[in-house]
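A.B. asks:
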Amino acid sequence: MPSLYIDGTWTSGSGDPAEVINPFDASVIETVEQAGPDDVERAVAAARTAFDDGPWPRTPAAERADLLRRVADLLVRDKEDIARTETLDTGKTLVESRIDVDDVTAVFRYYADLAAHDAGRLVDTGKPSVVSRVVHEPVGVCALITPWNYPLLQLSWKVAPALAAGNTVVIKPSEVTPLTSVMLVRLLEEAGAPPGVVNILLGDGRSVGAPLTEHPGVDMVSFTGGLATGQAIMRAAAGTVKRVAVELGGKNPNIVFADTDFETVVDNALTAVFLHAGQVCSAGARLIVEDSLHDDLVAEIGRRAERIRLGNGLDEATESGPLVSAAHRAKIEDYVASAQAEGARLVAGGRRPEEPDLQKGFFYRPTVFADCRRDMRVLREETFGPILTVERFTTEEEAIALGNDTDYGLSGAVWTNDSGRAERVARALRHGTVWINDFGPYVPGAEWGGFKRSGNGRELGPTGLAEYQEHKHIWHNTEPAPARWFTSGGAR
Ligand code: TXE
């Protein structure tokens, strides 16, 4: 079945086909067609025409919202099929994939509601003869470039607001996990997206992603992925002064004061870092613990980490799946080696699993390092894998300083029963999301995004819609008259 969708038609790509691999056992799930340079041109041209001349940007917002609601209904209908495909493609557990589909559905509904009520605003100029208003218009053709850890979810955070705002899009999913993005485009087609409004190109970053970021026909690039790729995209987009929105990961502190319930914090610290094998931009990879609690907490977390059941994501008994690829596991192994070389103390993991049925896949045991220093590579860089590092503190100021001592600023958490302290720490942390006595939840109505090198702009919430809008000021003077600024040559 053709896997590219351009100008309302499913089509074969002129690039080399690629095998999509199941990370559980390295088997081939499917071979997909990929785009060549001519496909990139055709997709941008289709999105351009649909934007410049087509009905979509001029469709009333309430009708665009109806389309998003139909997509949400179709997601509910196909939930199980989509969730299974996401699990096959990414390795994550079926429970997680089902949650992802529910969240994606909620995002479509949220932006449908928001767009239907998004009417710009009037500005009081103090002049009765002037109507000054700010209207919201779409940006244009948006390239949406997405990663492999939450393929469907990350795409929904972009495509739902982009379409709600009246843009047309060219989607470029990760070449590692393209399958559910193709499924979503099929649902958008079924829901009635006009030709050219939604296009999808499969292929890698170099041959498909990069040309989109440089293309003069593209007005905006929204990207989620690694820091180095984000920097390359910002540079590439500078040539045509595109709008760029980037979400580039994190190195997220999970700060624990000793007055917290022990069982609650052990349990949540494990989930914070080992969910989806740590391949989460907001993973709580840095555990920062008050001195008096440190030794007991590290021992218990290490003990429980050793017991996490790895396996096939489709197996309901599995607690964590594999890493996404052999290359990514090699990167994780390199981080573990560097941590040991730099003197971190291995408390759990640090190896591949021994079970015979896990040997074909890209598994790695949940790993815990204690006695970590801020200058270690494992602590400064985003490993994006199942590695927890533990640091210790004595005072609140020290905890805050450690939590902010990172180039990233995506998310963080503070655990304490002292609500005054919780608020102080939450306000002092330079991260885009801060959880108090929790880790990980988000809602479509609250902004998500990073400070510092975690990115710019915001997804979700009203700001997530504004990302895909131009806010135009219209000044209407209803009683025009000569201003008589220049008086020398004019009539008096
Ligand atoms: O992602 P890339 P990679 C982090 C994580 C991970 C590292 C590298 O630390 O280990 O990034 O992962 C497309 N122009 N995150 O290499 O390269 C690519 O095809 C345009 C954090 O797998 O960033 C894919 O669609 N596009 C993260 C997308 O960019 C390009 C999620 C992401 O790939 C391109 C994933 C180019 N020059 C990884 N090069 C998060 N923030 O959640 C690649 N791409």
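Per my numbering, the sequence shown starts with residue 10, numbered consecutively.
Cβ coordinates follow ideal geometry from the N, Cα and C atoms, glycine included.
Source: prediction; values computed, not measured.
Would you mind stating whether R313 and V274 have Cβ atoms separated by less than 8 Å?
C.D. replies: No.
A.B. asks: Starting from F232, trace the beta strand (DSSP E) both ways and give me its first and last residue.
C.D. replies: Segment M229 to T233, the beta strand (DSSP E) holding F232.
A.B. asks: Which residue from T96, D61 and F393 puts its Cα closest to that of D324?
C.D. replies: Per the Cα distances, T96.
A.B. asks: Kindly indicate which three-state DSSP category F33 falls into: helix, strand or coil?
C.D. replies: Looking at F33 - three-state DSSP - the assignment turns out to be coil, as it is neither helix nor strand.
A.B. asks: Taking the alpha carbon of W457 as the reference point, which residue from N446, L474 and D447 has its own alpha carbon closest?
C.D. replies: For the residues N446, L474 and D447, the minimum Cα distance to W457 belongs to L474.
A.B. asks: Please state if the CB of I317 and the CB of P262 are separated by a distance shorter than 8 Å.
C.D. replies: Taking 8 Å as the Cβ cut-off, P262 and I317 do not qualify as a contacting pair.
A.B. asks: Please confirm whether A422 and F460 have their CB atoms less than 8 Å apart.
C.D. replies: Going by C-beta atoms, A422 is not nearer than 8 Å to F460.
A.B. asks: Kindly confirm or deny that the segment 187-204 and the segment 127-135 touch, where touching means at least three C-beta pairs closer than 8 Å.
C.D. replies: Contact fails: fewer than three Cβ-Cβ distances are below 8 Å.
A.B. asks: Compare the C-alpha of W157 against each of T425, N426, S463 and H337 and name the closest.
C.D. replies: Checked all of T425, N426, S463 and H337; the closest Cα to W157 is H337.
A.B. asks: Determine the DSSP secondary structure at V185, reduced to helix, strand or coil.
C.D. replies: Looking at V185 - three-state DSSP - the assignment turns out to be coil, as it is neither helix nor strand.
A.B. asks: Heavy atom of the ligand NAP less than 7 Å from the Cβ of E105, yes or no?
C.D. replies: Looking at this structure, you won't find the ligand NAP anywhere; what it does contain is the ligand TXE.
A.B. asks: Quick one: is G293 buried, meaning 16 or more other Cβ sit within 10 Å of its Cβ, or exposed?
C.D. replies: Answer is buried; the Cβ neighbour count reaches 16.
A.B. asks: Residues in its own chain within less than 6 Å of K369 by CB, not counting five upstream and five downstream?
C.D. replies: Closer than 6 Å at Cβ, skipping near neighbours: D34 and A35.
A.B. asks: Figure out for me which residue from E342, T425 and R360 has the closest Cα to the Cα of V387.
C.D. replies: Closest by alpha carbon: E342.
A.B. asks: To the nearest angstrom, report how far apart F372 and D109 are at their CA atoms.
C.D. replies: Their backbone Cα atoms lie some 22 Å apart in a straight line.
A.B. asks: Along the chain, where does the alpha helix (DSSP H) that runs through K481 open and close?
C.D. replies: No alpha helix (DSSP H) contains K481, which is instead part of the beta strand (DSSP E) from Q478 to N486.
A.B. asks: Have a look at S141, R361, T189 and P203 and flag the residue whose alpha-carbon is nearest the alpha-carbon of Q163.
C.D. replies: Of the candidates S141, R361, T189 and P203, the one whose C-alpha sits nearest the C-alpha of Q163 is T189.
A.B. asks: For the ligand TXE, is there a heavy atom less than 7 Å away from the beta-carbon of L257?
C.D. replies: Because some heavy atom of the ligand TXE lies under 7 Å away, the Cβ of L257 counts as near it: yes.
A.B. asks: With 16 other CB atoms within 10 Å as the buried threshold, where does W484 fall?
C.D. replies: Classification for W484: exposed.
A.B. asks: Checking 8 Å against the spacing of the C-beta atoms, do P69 and E42 come in under that value?
C.D. replies: No, Cβ-Cβ distance for P69 and E42 is not below 8 Å.
A.B. asks: In the DSSP assignment, find the beta strand (DSSP E) that holds V104 and state where it starts and stops.
C.D. replies: V104 -> not in any beta strand (DSSP E); alpha helix (DSSP H) instead, spanning L103 to A125.
A.B. asks: For V524, write down the residues that DSSP places opposite it in a beta bridge.
C.D. replies: Any question about residue 524 goes unanswered here, given that the chain covers just 10 to 501.
A.B. asks: Are the Cβ atoms of L123 and V179 separated by less than 8 Å?
C.D. replies: Result no, Cβ atoms of L123 and V179 do not sit closer than 8 Å.
A.B. asks: Whole angstroms are fine: how far does the CA of T280 sit from the CA of R73?
C.D. replies: Straight-line Cα distance between these residues: approximately 38 Å.
A.B. asks: At a threshold of 7 Å, does P182 count as lining the ligand TXE (C-beta to nearest heavy atom)?
C.D. replies: Yes, the Cβ of P182 comes within 7 Å of a heavy atom of the ligand TXE.
A.B. asks: Between I242 and the ligand TXE, is there a pair consisting of the residue's CB and a ligand heavy atom that are separated by less than 7 Å?
C.D. replies: Yes, the beta carbon of I242 sits closer than 7 Å to at least one heavy atom of the ligand TXE.
A.B. asks: Let me know the alpha helix (DSSP H) ranges lying completely inside the segment 390-477, each 4 residues or longer, listed in chain order.
C.D. replies: Complete alpha helix (DSSP H) runs here, min 4: 405-413, 428-437 and 470-475.
A.B. asks: For chain C, find out if any of its Cβ atoms is closer than 8 Å to the Cβ of G234; answer yes or no.
C.D. replies: In the displayed structure, chain C is absent; only one protein chain is listed.
A.B. asks: Could you name the residues of the same chain whose beta carbon sits closer than 6 Å to that of G359, not counting the 5 residues immediately before and after it, in chain order?
C.D. replies: Here the set comprises V345 and T376.
A.B. asks: Counting Cβ pairs, one atom from each stretch, are 3 or more of them under 8 Å apart for the segment 38-52 and the segment 22-29?
C.D. replies: Yes: at least three Cβ pairs fall under 8 Å.
A.B. asks: Kindly provide the ranges of any alpha helix (DSSP H) runs that are 4 or more residues long and lie completely inside the segment 270-318, ordered along the chain.
C.D. replies: Whole alpha helix (DSSP H) segments, 4+ residues: 271-283 and 300-315.
A.B. asks: Would you call E406 buried or exposed, if buried means 16 or more other Cβ atoms sit within 10 Å of its Cβ?
C.D. replies: Burial call: exposed.
A.B. asks: Go ahead and pull the three-state DSSP assignment for S329.
C.D. replies: Looking at S329 - three-state DSSP - the assignment turns out to be strand.
A.B. asks: Can you tell me whether W494 is buried or exposed, with buried defined as 16 or more other CB within 10 angstroms of its CB?
C.D. replies: That one is exposed.
A.B. asks: What number of angstroms, rounded off, separates the C-alpha of G234 from the C-alpha of Y119?
C.D. replies: In a straight line, the C-alpha of G234 is about 24 Å away from that of Y119.
A.B. asks: Taking the alpha carbon of V150 as the point to measure from, which residue in V140, V168 and K136 has its own alpha carbon closest?
C.D. replies: Cα-wise, what sits closest to V150 is V168.
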